[in-house]
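Protein chains: 2
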Amino acid sequence: MLTITDVSRRSGIASSALRFYEERGLIASERAGSGHRRYHRSVLRRIAFIAFAQRIGLTLEEIGAELARLPADRVPSRRDWSQLSGAWAERIDERIAELQRLRSGLTECIGCGCLSIDRCNLANPADVAGRKGPGPRYWLG
Amino acid sequence: MLTITDVSRRSGIASSALRFYEERGLIASERAGSGHRRYHRSVLRRIAFIAFAQRIGLTLEEIGAELARLPADRVPSRRDWSQLSGAWAERIDERIAELQRLRSGLTECIGCGCLSIDRCNLANPADVAGRKGPGPRYWLG
DNA sequence: CTACAAGTTCAAGTTAACTTGAAGTCAAGC
DNA sequence: GCTTGACTTCAAGTTAACTTGAACTTGTAG
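As given, the protein sequences belong to chains C and H, one line each in that order. Numbering of the first sequence is given in our numbering, commencing with residue 482 and proceeding in unit increments. Numbering of the second sequence is given in our numbering, commencing with residue 482 and proceeding in unit increments.
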């Protein structure tokens with residue numbers, strides 16, 4: 482069993498973040514008699530998965546939903562993990578495609594001078610105009 | 482001269498956001514005798530530029546820095562605009578490259594079962610471990 | 001036994017990019 | 001003249017993903 486500092490050092494994730502993940506139900510821990518957290522080594526792989534998924538652009542909520550599909554009664558196998566990431570490739574491909582569209586718009590649209598809201602659909606695609614709710618907006622979100 | 486509602490409707494950006502951009506010095510307006518904002522039509526192109534730059538991933542602060550390089554004494558020309566976006570192509574290419582690395586890691590790394598913090602550099606590249614400051618972290622930021 | 005590091009909880013702060021609400025002013029139609 | 005909609009400012013709220021601080025307890029080395 483690992484202490485929170487062990488896990489933090491090995492994963493590069495701050496202890497405060499680990500407690501936060503636990504509060505959100507993304508990882509679990511047992512307690513020593515003292516009340517201190519003790520982690521199973523398998524938590525490291527779970528954390529690696531979380532970090533990876535974040536880089537792909539998933540929110541913690543989405544990641545939690547994925548993790549909930551892992552078997553609860555045993556340590557997940559290689560197959561269990563690889564099945565989770567099924568839909569991700571498509572998601573990444575979509576983002577790459579968007580970036581490539583933006584990249585060609587950079588020369589074709591700004592360069593040619595047509596960057597005007599009335600005529601340029603790169604400057605104002607539907608999903609930019611159709612924003613919803615409060616809080617910051619991210620171009621990939 | 483356009484009212485704030487005119488500009489909002491034509492750009493798809495909420496009036497509150499337009500006031501916010503002005504507060505940040507990204508756009509400018511004059512005032513009617515009543516105190517109401519009046520915009521020059523050229524502000525639409527400026528807003529289009531802001532929206533485009535945001536989709537590429539620039540923060541408002543960075544966008545402000547770019548906009549500050551436009552000539553202040555006249556309405557910017559086609560050339561003025563296209564010179565601003567010089568460094569962006571490279572930036573987009575870097576992001577595409579990162580996504581492609583992540584995509585191959587998806588099959589090679591999660592699929593093969595090597596996704597462990599100790600051994601997998603996709604799970605824990607330097608820039609994930611080396612995070613700094615408070616606030617949310619984004620995988621592209 | 002005494003330091004001092006490491007752990008705990010809980011509330012509040014941080015960042016970006018806005019939105020929402022309150023409280024009041026201005027403009028246009030009937 | 002009245003109502004209704006558009007506009008103004010300013011303060012406070014929103015979201016995500018954490019961090020920071022306060023106040024306190026545990027574990028360990030000397």
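Cβ atoms here follow ideal geometry from the backbone N, Cα and C, with glycine treated the same way.
- The C-alpha of Asp574/H is placed about 28 Å away from the C-alpha of Ser563/C.
- Chain-order list of chain C residues neighbouring Ile537/H: Leu580, Leu583, Arg584, Leu587, Trp620, by C-beta distance under 9 Å.
- In the three-state reduction of the DSSP assignment, Leu565/C falls in the helix class, which pools H, G and I.
- According to the DSSP assignment, Arg500/C belongs to the alpha helix (DSSP H) that extends over 496-504.
- Ser566/C is classed as buried because its beta carbon has at least 16 other beta carbons within 10 Å across all chains shown.
- Closest in C-alpha terms to Gly506/H, from the list Glu543/H, Pro557/H, Asp487/H, comes Glu543/H.
- The residue among Gly493/C, Glu503/C, Arg526/C with its C-alpha nearest the C-alpha of Asp561/C is Arg526/C.
- Leu483/C sits in a strand when the DSSP states are folded into three classes.
- Here Ala529/C is buried. Its C-beta has 16 or more other C-beta atoms within 10 Å.
- Any Cβ of chain C closer than 8 Å to the Cβ of Ile573/H would place that residue at the interface, and such an atom is present.
- In the displayed model, Arg550/C falls within coil according to three-state DSSP, outside both helix and strand.
- Here DSSP, grouped into helix, strand and coil, assigns Arg576/H to helix.
- A straight line joining the alpha-carbon of Val488/H with that of Ser558/C spans about 56 Å.
- The C-beta distance from Ile577/C to Leu587/H rounds to 13 Å, too long to fall under 8 Å, and the pair is not in contact.
- Interface residue (Cβ-Cβ distance to chain C less than 8 Å): Arg576/H is classified as such.
- For Thr484/C, same chain residues with a beta-carbon under 8 Å away, outside a window of 5 residues either side, are His517, Arg518, Arg519, Tyr520 in chain order.
- If you check the CB distance, Ala534/H and Glu547/H come in under 8 Å.
- For the pair Arg522/C and Met482/C, the Cα-to-Cα distance works out to about 7 Å.
- Taking all protein chains in view, the Cβ of Gly493/C is crowded by 16 or more other Cβ atoms within 10 Å, so the residue is classified as buried.
- Of all alpha-carbon atoms in Leu583/H, Ala570/H, Glu511/H, Ser585/H, the one lying nearest the alpha-carbon of Arg582/C is that of Ala570/H.
- When Arg550/C, Ala513/C, Ala568/C, Ser497/C are compared, the shortest CA-CA separation from Gly538/C is found for Ala568/C.
- The beta-carbon separation of Glu503/C and Ser497/C, rounded to 11 Å, does not stay under the 8 Å limit for a contact.
- When the alpha-carbon of Val524/H is set against those of Leu551/H, Ser515/H, Thr540/H, the nearest one is in Leu551/H.
- The shortest CA-to-CA distance from Gly545/C to any of Arg500/C, Arg584/C, Ile508/C is the one to Ile508/C.
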